[in-house]
Amino acid sequence: MGGANRYDTAARIADCGVAHGMPWDGVGIATGIGFPDALSGGAMLGSLDSVLLLTDPKTLSAPAQTRLAANRVVIGTVHFIGGTGAVSQGVRTTVGQVLQ
Numbered sequence: 006m007g008g009a010n011r012y013d014t015a016a017r018i019a020d021c022g023v024a025h026g027m028p029w030d031g032v033g034i035a036t037g038i039g040f041p042d043a044l045s046g047g048a049m050l051g052s053l054d055s056v057l058l059l060t061d062p063k064t065l066s067a068p069a070q071t072r073l074a075a076n077r078v079v080i081g082t083v084h085f086i087g088g089t090g091a092v093s094q095g096v097r098t099t100v101g102q103v104l105q
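Here our numbering runs 5 ahead of the position in the sequence shown, where the first position is 1.
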């Protein structure tokens with residue numbers, strides 16, 4: 006299941022979760038730099054039966070952007086895990102633009 010980097014690996018795991026019935030709607034976005042947000046966010050999203058993507062704090066990772074764009078018609082809710090220090094306002098804005 007490994008990918009080229011942590012962002013690709015997280016996207017592949019999300020793909021696997023969706024293949025097993027988890028929805029893209031309610032997807033979470035967390036920083037891939039530090040683990041605490043992704044760890045707690047993953048537990049939260051698991052309870053919501055949704056998936057998690059990782060990103061660089063300042064630039065939306067390519068694997069996350071690809072998955073969001075490919076599934077934008079079914080994504081109504083995105084959960085940003087952590088504050089703007091973890092997932093910058095720029096990344097949040099880019100996610101919104103990708104989903105339009």
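The C-beta atom is built at its ideal place from N, Cα and C for all residues, glycine as well.
- The beta carbons of G95 and T36 sit no closer together than 8 Å.
- When rounded, the separation of the alpha-carbon atoms in I38 and A24 is 26 Å.
- Cβ-Cβ distances below 6 Å link T14 to G7, G8 in the same chain, with the five nearest sequence neighbours on each side left out; the list follows chain order.
- Around the C-beta of A48, fewer than 16 other C-beta atoms lie within 10 Å, and the residue is accordingly described as exposed.
- With a beta-carbon spacing of about 13 Å, A91 and L57 fall beyond the 8 Å limit used to define contacts.
- DSSP places G101 in the helix class (H, G or I) of the three-state scheme.
- Here Y12 really is in contact with P68; their C-beta atoms are around 5 Å apart, less than 8 Å.
- Under the three-state reduction of DSSP output, A69 falls in the helix class.
- The beta carbon of R77 sits closer than 7 Å to those of V103, L104, all from its chain and outside the five residues before and after it, given in chain order.
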